[in-house]
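The sequence shown begins at 0 in numbering that gives the first Met the number 0 and counts up one residue at a time.
Below you'll find the structure, written out as structure tokens, and then a few comments.
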Amino acid sequence: MKGKKILFDYGAMITEREPKFPLHVRPKELDAIFLTHAHLDHSGTLPLLYISEKIPLYTTKLTAELASVLLRDFIKISKYHLPFEAREIQRMLNSVKYIEYGDSIELDSITITPVDAGHIPGSTSFIVDTGDMKMLITGDINTNDTCLLSASKIPKLKFDVVITEATYALYDHPPREKVERILVQAIEEVLSSNGSVLIPSFSVGRSQEVLCILCKYGLD
Numbered sequence: 000m001k002g003k004k005i006l007f008d009y010g011a012m013i014t015e016r017e018p019k020f021p022l023h024v025r026p027k028e029l030d031a032i033f034l035t036h037a038h039l040d041h042s043g044t045l046p047l048l049y050i051s052e053k054i055p056l057y058t059t060k061l062t063a064e065l066a067s068v069l070l071r072d073f074i075k076i077s078k079y080h081l082p083f084e085a086r087e088i089q090r091m092l093n094s095v096k097y098i099e100y101g102d103s104i105e106l107d108s109i110t111i112t113p114v115d116a117g118h119i120p121g122s123t124s125f126i127v128d129t130g131d132m133k134m135l136i137t138g139d140i141n142t143n144d145t146c147l148l149s150a151s152k153i154p155k156l157k158f159d160v161v162i163t164e165a166t167y168a169l170y171d172h173p174p175r176e177k178v179e180r181i182l183v184q185a186i187e188e189v190l191s192s193n194g195s196v197l198i199p200s201f202s203v204g205r206s207q208e209v210l211c212i213l214c215k216y217g218l219d
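Pasting the structure below:
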């Protein structure tokens, strides 16, 4: 890209068996790294790039803090050998350059602008403008307001290229309020029978959203 080699995210696939890592990227060939958010499927291999190199890592402060927690926990609970240790995580964190939504980063003739992705706290989408081409890299996005976060703030621009996630591309979700009421009704039925409620959820983003919903309906 205009003579620059830029990496957006470098995650790991977390499975019931051993984690799976992507194809190797040569760290010394990279000019910069941009991280959309902290979830391990986007950040889980990043420390591997910091074994011997110090590459600028652009991300929000909150994403860096959450990634630090998740990556250290990844090492702690993994039953398999990981290709990095805590010292590589620290080297990665020492290379972070904090970004703010709307504040563009200039890499020679390339302009990269972070915008709120609405996925989890600190999550970012990136608008890349090379002068010849305008590209949108969404990362994981949420296009609806939730109890925890507002919807993504991606501007309505004409993009030449869009690279996006498609987790729910084939799903037609029912109205959010309807789903919330179904959840709350189920919880109230269990509690009225003196039962205990167990709600499995992702630790970052989803758990906090569930707590917000419970508070919204007076179940705190």
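Note that beta-carbon positions come from the ideal geometry of N, C-alpha and C, so glycine has one too.
Exercise. Give me the Cβ distance between P26 and L48, rounded to the nearest whole Å; I'm assuming they're in contact under 8 Å.
Key: 4 Å
Quiz item: In three-state DSSP terms, what is A31?
Solution: If DSSP states are grouped into helix, strand and coil, A31 belongs with the strands.
Quiz prompt | Per-residue DSSP class, three states only, for T62 | solution = T62 falls in the helix class under three-state DSSP.
Exercise. Grab the span of the alpha helix (DSSP H) containing I5 for me, first residue to last.
Key: That residue, I5, is in no alpha helix (DSSP H); its beta strand (DSSP E) goes I5 to F7.
Exercise. Could you tell me whether the region 57-74 touches the region 31-43, where touching means 3 or more Cβ pairs closer than 8 Å?
Key: yes
Practice problem: For the alpha helix (DSSP H) holding S122, just list the boundary residues, first then last. | Solution: Neither: S122 is in no alpha helix (DSSP H) and is coded neither H nor E.
Practice problem: Could you check how far apart the C-beta atoms of G138 and T35 are, in whole angstroms? I think they sit under 8 Å. | Solution: 3 Å
Quiz item: By Cβ distance, which residues of its chain are closer than 6 Å to D128, with the 5 residues on each side in sequence left out?
Solution: T110
Practice problem: Could you check the C-alpha separation between K157 and L135 for me, to the nearest Å? | Solution: 10 Å
Quiz item: Taking Cβ to Cβ, would you say T62 is nearer than 8 Å to S103?
Solution: no
Quiz item: In whole angstroms, what is the alpha-carbon distance linking N193 and Q184?
Solution: 14 Å
Quiz item: According to DSSP, which residues form a beta bridge with Y97?
Solution: T58
Quiz item: Taking the runs of the beta strand (DSSP E) that are 3 residues or longer, which of them lie wholly in the region 143-209?
Solution: 160-162
Quiz item: Is DSSP giving I88 helix, strand or coil here?
Solution: The three-state secondary structure of I88, taken from DSSP, is helix.
Quiz item: With which residues is E17 paired in a DSSP beta bridge?
Solution: For E17, which the question treats as bridged, DSSP gives no partner whatsoever.
Quiz prompt | Beta-carbon separation (whole angstroms), I88 vs T58, contact threshold 8 Å | solution = Actually they are not in contact, since the Cβ atoms of I88 and T58 sit about 14 Å apart, beyond 8 Å.
Quiz prompt | Own chain, CB closer than 7 Å to T44, minus 5 neighbours either side, in chain order | solution = Excluding the 5 residues flanking it on each side, T44 has same chain C-beta neighbours closer than 7 Å at Y9, G10, A11, F20 and P21, in chain order.
Quiz item: Of the residues I54, S191 and L81, which one's Cα is nearest the Cα of I13?
Solution: Nearest Cα to I13 within the set I54, S191 and L81: L81.
Practice problem: Would you mind sorting F201 into buried or exposed? The rule is 16 or more other CB atoms within 10 Å of its CB. | Solution: With fewer than 16 other Cβ atoms within 10 Å, it is exposed.
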